[in-house]
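K.L.:
Quick one: this structure, given as structure tokens, is what I'll be asking you about.
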Amino acid sequence: MIRFKARENVPRWLNYVVPLASVAVAIVVAGIVLAATSHNPFATYKNIVQASLTQPGAFSQTLVTMTPLMFTGLAAAVAFRMRLWNIGGEGQLYMGAVGASGAGLYFHSLPAPLLILVMMAAGVAAGTLWASIPGALRAFFNTNEILTTLMLNYVAANFMYYLIFDSNSYWRDLTSPSARVFPQGKSLPADASWPALQLGSVTIPFGLIIAIGLAVLLWGMIRATRYGFEMRVLADSPAVGKYAGIRTRRKILSLMAISGGIAGFAGASQVGDFSHTLDPRGLEQAGYGYIGIVVAALARYNPVAVVVTSFFIGMLVNAGFALQGPGFPIGLTGTMEGILLFCVLGAEIFTRYRLVFRRQQAISRTPVSPPSPAPAAVGPAAPPGEVS
Amino acid sequence: MTGFNANLGISIIMTAILYGTPLVFAGIGELLTERSGVLNLGVEGMLLIGAVMAFLVSQRMPGPGWLVLLAAVLVAMAASAVMASIHAFVTITLRANQIVSGLSLTIFAGVIGLSSYIAEDNRIGGKAGKHQFADLNVFGLKNLPVIGPILFHQSAMIYLSWLVVIGAVVYLYRTRTGLYLRSVGESPQAADAMGINVTRYRYAHTLLGGALAGAGGAVFTLQIATNWIDGLTAGAGWIAIALVIFSLWRPELLILGAYMFGAFTSVGFDLQARGITSIPSEFWSSLPYLMTVLALVLVSVGSVRRRLGTPAALGIPYMREES
């Protein structure tokens, strides 16, 4: 008979050992899946490490891939931490890219630093506005934000395709004859390219530096500000929050706006750091918004941990791009992400409970345990007791 | 002129039913899962696994068409039930957050996940399908005006989906197990006290939901599309989850909603096939998603509110307290 027994207090080391052990389990499980589908797991893992770390230029490429993932991971993490399920990071990223590329094209005559600032602002604004639609619906009508944010992803993708493929919009390149046959976005002026930091052979995208700063800022916001505190109260117990006079509606609106703005920044960074044009197909195939959910969940919604998880998921995604082919099906990335998620998610119970093995006959508990000392004595919270 | 309009009307209804059928299967499945108190956001992933497995079997299996199709649907249902069992284990036994686990399932099985992995490993992408569900001529009545094509000229999968809806209504409201199921979703404590095995009910209905989503996926590759494209369900799984909400967890309303959304999905194709192209195709592609948002808002604004129909224990892991 195996039972889960609630821990009375959680040893600190468990918070590190359990996730690490579950990642190890995930690697083994994914290896079994690979072997079962006649891929060599060892060769595949070796290829992933080579393609994302050790080959020349691979590390820089991983940094490129992790940049949008850190933004979308942070966007998901702040919202999820507060039990606001914004899974619209994908669409908010698209809108951010639309906004930033539009601003970069329109204000092309501004000096570079100003132009870059305007692009960032436009990307954030577009993402914020897009996220505010489901935010307002949730705040005012209590409409399920999981579904509305997701539905709007498809709408945003269609909008982006419309701008480049199905209209003569401001974003579309109509100058060359070939661009009329094979639609593509206008190229942004050189001044709109964000600067990158060169450290030896490693290139660090500008967006990555901002993302790391943002992670620390958000961590501080959640832990040390009144806003963060009120958010945590609302997340853990909406009723308590209400009686304490916290304005729920305002919190939902502002948090969706923040989350959407961060995802919008991911879109701006895609345009400014890397593509320098609005590229609907590239953005849609990458699916950074959805992968951000993986990054956030693996980080347990902790913004600083997002920095770490976005690096590892960035490695995997980057290897997926580089290795695409018969030995590395496209679907392997998502499959491995899913296995990681299930293992980490499923293992969380071991930090809260411990496994107890005992015989069935234990039902006859005649010798009642000695009366515990006065219940008010100690303990952070009354343990929920034994559950089956 | 009236003939043309009648034909257009019937053809819109026929395509609405066709495109609504995967939503009926997946929606009824999710409805039964949610009635047991488990929210499974992995429907999109389960649809895709069902779709790819059905297509794989139909490509590889020799034998008479009806047998291949039957095997394809059964394999699709089994495969999606296996997917659902992961969600069941993680959320029911390990008590993980149902929202995150469901999202994980969609990522695991979805567009860049296992469904695409299976398709690529077996090289079935872009190949023309070998077996398709054909429309049957039931009792030879397909030429009756209006109701002929709608009622007597559909495929076996569509008739099966009608049986599933009828079965779900009878099951939920007319059987003891259905009553127990509802009590598990409303108050697992009370159900447990009555001697109902909450864990078993939740596992069984999560798996059943998966199997039905698998059947819905099979409709995609064996009737709607005739080949495999990564992510061909295009969010149908999410629309199915939304349908459960605005059908107020009632199967008889869900099928109506499913056909309505089938119509929103197909109306753009219908009009464009008839040369009406003044509205950009992206608008028509967005229509089902926009209408989903609108319907969700209407349900949440309306006097019905969310309480009506929502199983009270939806999304909450059940633990039996022992002192």
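Protein chains in written order, with our numbering: chain Y, 106 to 493; chain Z, 35 to 357. Note that beta-carbon positions come from the ideal geometry of N, C-alpha and C, so glycine has one too. Fair warning: this is a prediction, and the values are worked out from it, not measured in the lab.
Is Ala224(Z) near the ligand PLP, judged by its Cβ being under 7 Å from some heavy atom?
P.N.:
Ligands displayed in this structure: none; no statement on the ligand PLP is therefore possible.
K.L.:
For a contact defined as C-beta to C-beta under 8 Å, what are the partners of Asp271(Y) on chain Z?
P.N.:
Chain Z residues near Asp271(Y): Pro314, Ser315, Glu316.
K.L.:
Counting only Cβ-Cβ distances shorter than 8 Å, please list the residues of the stretch 133-144 of chain Z near chain Y, keeping chain order.
P.N.:
Here the close residues are Ile133, Val134, Ser135, Leu137, Ser138, Leu139, Ile141, Phe142, Ala143, Gly144.
K.L.:
May I ask you to list, following chain order, the residues of the stretch 151-180 of chain Z that have a beta carbon less than 8 Å from some beta carbon of chain Y?
P.N.:
Per Cβ criterion, the list reads Tyr151, Ile152, Ala153, Glu154, Asp155.
K.L.:
Rounded to whole angstroms, what's the CA-CA distance from Thr330(Y) to Val422(Y)? Just pull it up for me.
P.N.:
Near 35 Å, if we compare the C-alpha coordinates of Val422(Y) and Thr330(Y).
K.L.:
Just checking my contact of Ile309(Y) with Ala301(Y) at CB under 8 Å: how many whole Å lie between their CB atoms?
P.N.:
Contact flag correct, Cβ pair sits at about 6 Å.
K.L.:
Any residues in the stretch 242-272 of chain Z with a beta carbon nearer than 8 Å to a beta carbon of chain Y? Which ones, in chain order?
P.N.:
Hits within the stretch, in order: Asp264, Ala268, Gly269, Trp272.
K.L.:
State the Cα-Cα distance for the pair Ile192(Z) and Ile62(Z), rounded to the nearest angstrom.
P.N.:
Approximately 14 Å between the Cα atoms of the pair.
K.L.:
Among all the DSSP beta bridges, which residues are the ones paired with Ala301(Y)?
P.N.:
According to DSSP, which records beta bridges pairwise, Ala301(Y) is partnered with Pro310(Y).
K.L.:
Find the nearest neighbour of Leu103(Z) within the set Ala190(Z), Phe59(Z), Leu137(Z), judged by alpha-carbon distance.
P.N.:
Of the listed residues, the one whose Cα sits closest to Leu103(Z) is Ala190(Z).
K.L.:
Among the candidates Phe303(Z), Gln132(Z), Phe142(Z), Leu330(Z), whose CA atom is the shortest distance from the CA of Phe317(Z)?
P.N.:
Phe317(Z) has its Cα closest to that of Phe303(Z), out of Phe303(Z), Gln132(Z), Phe142(Z), Leu330(Z).
K.L.:
If we count the other Cβ atoms within 10 Å of its Cβ and call it buried at 16 or more, is Gln132(Z) buried or exposed?
P.N.:
Label assigned to Gln132(Z): buried.
K.L.:
Can you tell me whether Phe186(Z) is helix, strand or coil according to DSSP?
P.N.:
Phe186(Z): helix per DSSP, three-state reduction.
K.L.:
Out of Tyr199(Y), Val409(Y), Val399(Y), state which residue places its alpha-carbon closest to the alpha-carbon of Ser374(Y).
P.N.:
Nearest option by C-alpha distance: Tyr199(Y).
K.L.:
Leaving out five residues before and five after Val169(Y) in sequence, what residues of the same chain have Cβ atoms less than 7 Å from its Cβ?
P.N.:
Taken in chain order, the residues that qualify are Pro310, Phe379.
K.L.:
For Gly271(Z) and Glu78(Z), which I take to be in contact (beta-carbon distance under 8 Å), what is that distance rounded to the nearest angstrom?
P.N.:
With a Cβ gap of about 3 Å, Gly271(Z) and Glu78(Z) count as contacting.
K.L.:
Phe287(Y) by DSSP, collapsed to three states: which one?
P.N.:
Phe287(Y): coil per DSSP, three-state reduction.
K.L.:
Can you name the residues that DSSP bridges to Trp262(Z)?
P.N.:
Looking at the DSSP assignment, Trp262(Z) forms a beta bridge with Gly159(Z).
K.L.:
Does the beta-carbon distance from Tyr348(Y) to Arg186(Y) come in below 8 Å?
P.N.:
It is not a contact, given that the beta carbons lie outside the stated cut-off.
K.L.:
Look at the alpha carbon of Lys176(Z) and the alpha carbon of Ala168(Z), and state the distance between them as a whole number of angstroms.
P.N.:
So the two alpha carbons sit approximately 13 Å from each other.
K.L.:
Could you tell me whether the stretch 439-453 of chain Y touches the stretch 137-150 of chain Z, where touching means 3 or more Cβ pairs closer than 8 Å?
P.N.:
The stretch 439-453 of chain Y is in contact with the stretch 137-150 of chain Z.
K.L.:
Taking contact to mean 3 or more Cβ pairs, one atom from each stretch, closer than 8 Å, check whether the stretch 176-183 of chain Y and the stretch 395-404 of chain Y are in contact.
P.N.:
The answer is yes - the stretch 395-404 of chain Y touches the stretch 176-183 of chain Y, with three or more Cβ pairs under 8 Å.
K.L.:
Chain Z beta carbons: is any one of them nearer than 8 Å to that of Trp276(Y)?
P.N.:
No - not a single Cβ of chain Z is within 8 Å of the one on Trp276(Y).
K.L.:
I want to see whether chain Y comes within less than 8 Å of Thr240(Z), judged by CB atoms only; does it?
P.N.:
For Thr240(Z), the answer is no, since every Cβ of chain Y falls outside 8 Å of its Cβ.
K.L.:
Please state the DSSP three-state secondary structure of Thr471(Y).
P.N.:
Interpretation of Thr471(Y) is limited by its pLDDT of 46, a score under 50 that renders its predicted location unreliable; no figure is taken from the coordinates.
K.L.:
Which residues in chain Y sit within 7 Å of Arg69(Z), going by Cβ to Cβ distance?
P.N.:
Result: empty, since nearest Cβ-Cβ is about 17 Å, beyond 7 Å.
K.L.:
I'd like to know if Gly387(Y) contacts chain Z, where contact means its C-beta is closer than 8 Å to some C-beta of that chain.
P.N.:
Cβ-Cβ to chain Z under 8 Å: no for Gly387(Y).
K.L.:
Give the interface partners of Phe264(Y) over in chain Z, defined as CB-CB distance under 9 Å, in chain order.
P.N.:
Per Cβ cutoff of 9 Å: Glu316, Ser320.
K.L.:
So which residues on chain Y does Ser221(Z) lean against when the C-beta distance must stay under 9 Å?
P.N.:
Result: empty, since nearest Cβ-Cβ is about 17 Å, beyond 9 Å.
K.L.:
Helix, strand or coil for Arg94(Z), going by three-state DSSP, please let me know.
P.N.:
Helix, per DSSP.
K.L.:
Please decide whether Pro288(Y) counts as near chain C, where near means a Cβ-Cβ distance under 8 Å.
P.N.:
No chain C appears in the structure shown, which is made up of the protein chains Y and Z.
K.L.:
With a threshold of 6 Å on Cβ separation, who are the neighbours of Leu242(Z) within its own chain once the five nearest residues in sequence on each side are excluded?
P.N.:
Only Leu66 meet the Cβ criterion.
K.L.:
As an exercise, report each continuous alpha helix (DSSP H) stretch of at least 4 residues that is fully enclosed by the stretch 231-318 of chain Z, in chain order.
P.N.:
For the stretch 231-318 of chain Z, whole alpha helix (DSSP H) runs of length 4 or above, ordered along the chain, are 232-253, 270-280, 285-307.
K.L.:
As a quick exercise: from Val253(Z), Ser135(Z), His239(Z), pick the residue whose alpha carbon is nearest that of Gly71(Z).
P.N.:
That would be His239(Z), whose Cα lies nearest to the Cα of Gly71(Z).
K.L.:
What is the DSSP secondary structure of Lys110(Y), counted as helix, strand or coil?
P.N.:
Here Lys110(Y) sits in strand by DSSP.
K.L.:
Within its chain, find whatever has a CB closer than 8 Å to the CB of Ile51(Z); leave out the 5 residues flanking it on each side and keep chain order.
P.N.:
Answer for Ile51(Z): Ile184, Gln188, Ile192, Tyr293, Gly296, listed in chain order.
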